[in-house]
Amino acid sequence: MPTVYKILGQSNPAATSATTLYTVPSANSTVISTINVCNQSSSAGNFRIAVRPGGESLAAKHYIAYDTVLAGLDSIAMTIGVTLAATDVVTVYASSANISFVAFGSEIY
0 MPTVYKILGQ
10 SNPAATSATT
20 LYTVPSANST
30 VISTINVCNQ
40 SSSAGNFRIA
50 VRPGGESLAA
60 KHYIAYDTVL
70 AGLDSIAMTI
80 GVTLAATDVV
90 TVYASSANIS
100 FVAFGSEIY
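Position 65 (the sequence shown) corresponds to 64 in numbering that gives the first Met the number 0; numbering is contiguous.
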């Protein structure tokens, strides 16, 4: 099976809105090596990251980060090696529109 290393998703979501960062294509699997969160405001903000199986509605059990505080003008790289199956979804949320997310990893075909 070929593996493609790439930027899997990038998002600068609207404030307080759960937004899909990445959905695994059907018939593929994915490994997210790192998710980077960047606060472009001088004020601190909060963020959430959830990983859920395809077809499931967002619920408390899916969160890997919940209302995590990120200082103003700061970023965090979460290197966690998340493994995902076809149609699984990564959802992000930010307390302000000044927080962006980038997921890096590999898709396996």
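No residue lacks a Cβ here, since even glycine has one placed at the ideal position from N, Cα and C. Here the structure is a predicted model, which is why all the values come from computation and not from measurement.
Where do the ends of the beta strand (DSSP E) carrying residue i lie?
| i | result |
| --- | --- |
| Lys-60 | Here Lys-60 belongs to no beta strand (DSSP E), and DSSP marks it neither H nor E. |
| Tyr-92 | 88-93 |
| Ala-102 | 98-107 |
For residue i, count neighbouring Cβ atoms within 10 angstroms of its own Cβ and tell me buried if that reaches 16, exposed if not.
| i | result |
| --- | --- |
| Leu-72 | exposed |
| Tyr-92 | buried |
| Tyr-108 | exposed |
| Thr-90 | buried |
| Ser-41 | exposed |
In the structure shown, what three-state DSSP assignment does residue i receive?
| i | result |
| --- | --- |
| Leu-109 | What the structure shows of the chain is the stretch from 0 to 108, and residue 109 is not part of that stretch, so it cannot be assessed. |
| Gln-39 | coil |
| Val-23 | coil |
| Asn-45 | strand |
| Thr-15 | coil |
| Gly-8 | strand |
| Met-0 | coil |
Sort the options by Cα distance to residue i and report the nearest one.
| i | options | result |
| --- | --- | --- |
| Asn-35 | Gly-53, Thr-22, Leu-57, Ile-79 | Ile-79 |
| Pro-1 | Ser-40, Ala-26, Gln-39 | Ala-26 |
| Ala-13 | Asn-97, Glu-106, Phe-103 | Asn-97 |
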